[in-house]
Amino acid sequence: MIRIKKIGIPRALLYYYYYPLWYEFFTRLGCEVVLSPETNKAILDQGIKSTLSEVCLPVKVYFGHVAYLAGRVDYLFVPRITRVEAKEYICPKFMGIPDMLKARINKLPPLIDTTVDAGKEGNPVQCWVDCLRDAGNSLTTDRKLIEDALEAALEAQQFFWKRLNSGLMLPDAIKGIAIPEIPVNSANKPLRIGLIGHPYNVYDPFISMNLIKKLQQLGAVVVTPESLQADEIEKEAASLPKRMFWTLGKRMVGSAFRFFSSQKLDGVIYLTSFGCGPEALVEELVARTAKHQNIPLMMLTIDEHTGEAGINTRLEAFTEMIVWRLKYANHIPPYGESVHCR
Amino acid sequence: MRITYPHMGNLYIVVRALLVSLGLEVVLLPQTSRRTVELGVRYSPEFACFPFKLNLGNYLEAHEKGADTILMAGGVGPCRFGYYAQVQQQILSDLGVNMEMVVLEPPDVSFQEVKDKIRYLIGTLSWWQVIKAIRFAWCKARAIDEVEGRLLYLRPRVEDPLRLEKLYREALQEIDGAGDRRTVQGVVVDYQQKTGKLKKQQKKPLRIGLVGEIFTVLEPFANYEMEKRLGLLGVEVNRSIWLSAWINEHLFGGLLRVKYECAHDKELASPYLNSFVGGHGVETVGCTVGFARRDYDGVIQLAPLTCMPEIVAHSVFPALAKDYDIPLLTFYLDEHSGEAGIQTRLEAFLDLAAARSRKKEEQMSGSVFRN
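Chain order of the listed sequences is E and F.
Heads up: the first sequence is residues 9 to 350, going by the numbering used here.
Heads up: the second sequence is residues 14 to 384, going by the numbering used here.
As structure tokens, then:
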């Protein structure tokens, strides 16, 4: 009897963008996909232990997930992601992650570390097709099976994207369940807060300390960049003086500008992780634009030390100030200015 | 147009030679100082890397001196440097500092744009004059590297390193002031003769390789004068990045043949790092392997805090150290680095490296006996 191969997928980083694609592909190939559990303290601790202190929180968490899976699967799927859109990069850490893992974690199962590179002319779908085809070739010799699996996987991914655009929150879209009722604890019109940040920070309840739920409990409706169309983001980001050549940075800037210009939101929260490279410059552009346009913006920077009480207090203060502003039709300072300076 | 440009080690001499021969009025920045850092840090994003902050400090100081145009490089890649200029421009304009920024983007984005920008800078000058200016600047770059290389070699070997340092400073000044290529070459020959006459010590210095991100390696202010510190502790330093080699590789597309020790080390990065990661990540790993293979006593990596390519390079070090058994030390630098801490870490590192080198020598002589 042939034993079914187990493929481990860490529930971190680009899992939040591409899991349906990966899951469908490997399942169709006849493998069993093993997903690591939601991030918890043990996983984070393991991650911190096995990596450098200088890397950012989401990468530490990724290491934790890999370490968790290491003894439990036959292969680990950790693609080397260079470019998912033509002429645009992600982040050096995504490009070096298979090498970093090999150097730092002992007793790793064989890694499937095929490269995703859209190069100078590729497109966001083709680069994944190439990567997965390579991955498939290392698992099976059945070409037909690989092509069929690819087709199904792309379909699953398209379906996932469609669900996101229809307004589903990402975790629900991944799981494939219906929209939950948004708990609103006040009779008034709820606040609408835009929440910008990388999905692997925003939707990991452990990393973000349940930020979305916290906001909802404070009576706010949370809107995330995932509800925006790709071309909307593209259009807004094009207003920058130089083409933004980081895919994730572009998403952040584009959706922030979209949130600002749509005028439908009462405030925006920008969640970043400490030590995130591109973000250091991107958030500066966003913060300055918010200031020019007089839009309430709060920057939340997180790392493995963040105290939950501090976050709670800041969220409460932020939402309360927005309520005051709406109520008294007065001015609320955007990021970087005190209440009394105007 | 009163033009200026940010500091990076001795690059200012090269760029000044170029711009002055192009007939531009150059505002020379004051040397990067504590004040530069304070100005830069005050207005920069908190998590931007150290070079960004120093650049911004440089601009503000240049503005005080009356500069109105900034010459800056750009780029497209995973490293943050590519977007420096745009954010810096935004910060300056929000501050009400009116300075125009001329950003030279690499030709692979669009060659016409580079041509237009250069044309904008040089006015009606002919391209032949531009080529002459580049040749003159290149000659100075070579001269600087020669002078620096000799300084690094001699510092642990001479009895009076301060006298050597003085000769080096003088040579730099003369190169900066030289008006033609013959004078530049004359300065180098003169410097070599003078330093050759200095009294030498009879001991074998430790050899340490310096790798890392280009700005922190080349700018003594950013790396807290790492080379000098090491030299005074009796260490011969060699580095992975030399100005002329870098100019040749990145601006001339490797057209010229520049000899230097780490020229082909980049290829040694695989199997430890199998992909380009932006910045100098691959070079850092490759040159570390290169230094290890050439039997250096240790390698020190320099990087600005939160520098992504260098973090990736640093992350793969354990695999490399296991294979080559070479002491490695990494410094992440920013405006908060304390000098005493750096000095202590260096001394401890060198003690260990020296002990290891002694042990190795004993083993080797032992094996000679047995045979």
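Yeah, the Cβ is synthetic: ideal placement off N, Cα and C, and Gly gets one too.
Predicted model only: the values in this text are computed from it and were never measured.
What separation, rounded to the nearest whole angstrom, lies between the Cα atoms of E/Thr232 and E/Val261?
-> The residue you call residue 232 of chain E lines up with position 224 of the first sequence. The residue you call residue 261 of chain E lines up with position 253 of the first sequence. Cα to Cα, the separation comes out at about 13 Å.
Between the CA atoms of E/Ile215 and E/Ala228 - distance to the nearest angstrom = Locating residue 228 of chain E in the first sequence gives position 220, counting from the first residue. Locating residue 215 of chain E in the first sequence gives position 207, counting from the first residue. If I take the Cα positions, the gap works out to 20 Å.
What residues in the region 248-281 of chain E have a beta carbon less than 9 Å from any beta carbon of chain F?
-> Leu248, Pro249, Lys250, Arg251, Met252, Phe253, Trp254, Gly257 and Thr280
Ordered along the chain, which non-local residues of its own chain (more than five positions away) have a Cβ less than 7 Å from that of F/Phe289?
-> Indexing the second sequence from 1 puts residue 289 of chain F at position 276. Closer than 7 Å at the Cβ level, and outside the excluded window around F/Phe289, lie Val295.
Spell out a yes or no on whether the region 303-314 of chain E and the region 277-284 of chain E are touching, meaning 3 or more CB-CB pairs, one atom from each, closer than 8 Å.
-> yes
Between the Cα of F/Ile221 and those of F/Leu286, F/Ile83 and F/Ile313, spot the shortest distance and give me the residue it belongs to.
-> On the second sequence, residue 221 of chain F is found 208 positions in, with the first residue counted as 1. Nearest C-alpha to F/Ile221: F/Ile313.
How long is the line joining the alpha carbons of F/Ala61 and F/Leu264, rounded to whole angstroms?
-> In the second sequence, residue 61 of chain F corresponds to position 48, counting from 1. In the second sequence, residue 264 of chain F corresponds to position 251, counting from 1. The straight-line gap from Cα to Cα measures roughly 26 Å.
Are three or more beta carbon pairs between the region 150-157 of chain F and the region 23-33 of chain F nearer than 8 Å?
-> yes
E/Leu248 versus E/Glu234, E/Leu236, E/Ser263 and E/Gln237, residue with shortest Cα-Cα distance = As a working mapping, residue 248 of chain E is identified with position 240 in the first sequence. It is E/Ser263.
What's the C-alpha gap between F/Leu411 and F/Val115?
-> Residue coverage of chain F in this structure runs from 14 to 384, which leaves residue 411 of chain F outside it and unanswerable.
Alpha carbon to alpha carbon, what distance is there between F/Gln198 and F/Ala1?
-> The first residue shown for chain F is 14 and the last is 384, placing residue 1 of chain F beyond what the model contains.
State buried or exposed for F/Met377, treating a residue as buried only when at least 16 other CB atoms are found within 10 Å of its CB.
-> For this step, residue 377 of chain F is matched to residue 364 along the second sequence. Flag for F/Met377 reads exposed.
Indicate whether F/Met321 and F/Pro91 have their beta-carbon atoms separated by less than 8 Å.
-> Mapped onto the second sequence, residue 321 of chain F falls at position 308. Mapped onto the second sequence, residue 91 of chain F falls at position 78. Cβ atoms of F/Met321 and F/Pro91: closer than 8 Å.
Mind checking which residues open and close the alpha helix (DSSP H) that includes E/Lys14?
-> Counting from one through the first sequence, the residue named residue 14 of chain E turns up at place 6. Looking at the DSSP string, E/Lys14 is not in any alpha helix (DSSP H); the run it does join, the beta strand (DSSP E), is Lys14 to Ile17.
Cβ separation of F/Leu315 and F/Gly209, assumed to be a contact under 8 Å, to the nearest whole Å | The residue you call residue 315 of chain F lines up with position 302 of the second sequence. The residue you call residue 209 of chain F lines up with position 196 of the second sequence. Not confirmed; about 30 Å, so no contact.
Select from the region 251-275 of chain F all residues with a C-beta closer than 7 Å to any C-beta belonging to chain E, and list them in chain order.
-> none
Taking the alpha carbon of F/Ile163 as the point to measure from, which residue in F/Phe234, F/Lys241 and F/Ser106 has its own alpha carbon closest?
-> In the second sequence, the residue the question calls residue 163 of chain F occupies position 150. For the sequence presented, residue 163 of chain F should be read as Arg rather than Ile. Measuring from the Cα of F/Arg163, the nearest candidate turns out to be F/Lys241.
Option nearest E/Ala78 by Cα separation, candidates E/Cys64, E/Leu43 and E/Glu96 = Against the first sequence, residue 78 of chain E aligns to sequence position 70. Checking every option, the nearest Cα to that of E/Ala78 belongs to E/Leu43.
Applying a beta-carbon distance threshold of less than 8 Å, which residues of chain E neighbour F/Pro285?
-> Residue 285 of chain F sits at position 272 when you count from the first residue of the second sequence. Pro is not the amino acid found at residue 285 of chain F; the sequence shown has Tyr there. Those within 8 Å of F/Tyr285 in chain E are Asp107 and Ala111.
Compare the C-beta of E/Val74 with all C-beta atoms of chain F and state if any pair is closer than 8 Å.
-> One-based indexing of the first sequence puts residue 74 of chain E at position 66. Cβ-Cβ to chain F under 8 Å: no for E/Val74.
Count the other C-beta atoms from every protein chain shown that fall within 10 angstroms of the C-beta of E/Pro118, then say buried if there are 16 or more, exposed otherwise.
-> One-based indexing of the first sequence puts residue 118 of chain E at position 110. So E/Pro118 ends up on the exposed side.
Sufficient close CB pairs (3 or more, under 8 Å) joining the region 342-361 of chain F to the region 74-91 of chain E | no
Is it buried or exposed for E/Thr255, if we count other Cβ within 10 angstroms and need 16 for buried?
-> Residue mapping note: residue 255 of chain E aligns to position 247 of the first sequence, counting from 1. Counting Cβ neighbours within 10 Å, E/Thr255 comes out buried, since at least 16 surround it.
Length of the line joining the Cα atoms of F/Leu342 and F/Phe304 | Translated into the one-based positions of the second sequence, residue 342 of chain F becomes position 329. Translated into the one-based positions of the second sequence, residue 304 of chain F becomes position 291. Taking the straight line joining both Cα atoms gives about 13 Å.
For E/Asp82, which of helix, strand or coil comes out of DSSP?
-> For the purposes of this step, residue 82 of chain E is identified with residue 74 of the first sequence, where counting begins at 1. It is coil, neither helix nor strand.
Minimum C-alpha distance to E/Lys68 - residue among E/Tyr76, E/Leu52, E/Tyr83 and E/Arg80 | On the first sequence, position 60 is the one that residue 68 of chain E refers to. E/Lys68 has its Cα closest to that of E/Leu52, out of E/Tyr76, E/Leu52, E/Tyr83 and E/Arg80.
Does the separation of the CB atoms of E/Asp121 and E/Pro132 fall below 8 Å?
-> Looking up residue 121 of chain E in the first sequence gives position 113. Looking up residue 132 of chain E in the first sequence gives position 124. No.
Which of helix, strand or coil does DSSP assign to F/Asn251?
-> Here the question's residue 251 of chain F lines up with position 238 in the second sequence. Of the three classes helix, strand and coil, the one that applies to F/Asn251 here is strand, per DSSP.
Cα-Cα separation, F/Gly311 to E/Leu140 | Position 298 of the second sequence, counted from the start, is the residue given in the question as residue 311 of chain F. Position 132 of the first sequence, counted from the start, is the residue given in the question as residue 140 of chain E. If you take the alpha carbons of F/Gly311 and E/Leu140, they lie about 41 Å apart.
Tell me whether F/Asn251 is buried or exposed, calling it buried when 16 or more other Cβ atoms sit within 10 Å of its Cβ.
-> Residue mapping note: residue 251 of chain F aligns to position 238 of the second sequence, counting from 1. F/Asn251 should be labelled buried.
At a Cβ cut of 9 Å, what residues of the region 96-110 of chain F count as close to chain E, listed as they run along the chain?
-> Tyr96, Tyr97, Ala98, Gln99, Val100, Gln102, Gln103, Ile104 and Asp107
Residues of its chain near E/Gly405, where Cβ-Cβ distance is below 7 Å and the 5 sequence neighbours each way are ignored = There is no way to answer for residue 405 of chain E, as the model of chain E reaches only from 9 to 350.
Which residue from E/Thr123, E/Arg259, E/Leu147 and E/Val74 puts its Cα closest to that of E/Arg112?
-> The sequence position of residue 112 of chain E within the first sequence is 104, counting from 1. Here the closest residue by C-alpha is E/Val74.
Stretch pair the region 56-72 of chain E + the region 24-39 of chain E: three plus CB contacts closer than 8 Å | no
According to DSSP, residues forming a beta bridge with E/Asp281 = Taking the first sequence and counting its residues from 1, the one referred to as residue 281 of chain E is at position 273. Strictly speaking, residue 281 of chain E in this sequence is Ser, with Asp absent from that position. Answer is E/Ile310.
Cα separation between E/Ala94 and E/Lys128?
-> Mapped onto the first sequence, residue 94 of chain E falls at position 86. Mapped onto the first sequence, residue 128 of chain E falls at position 120. Taking the straight line joining both Cα atoms gives about 5 Å.
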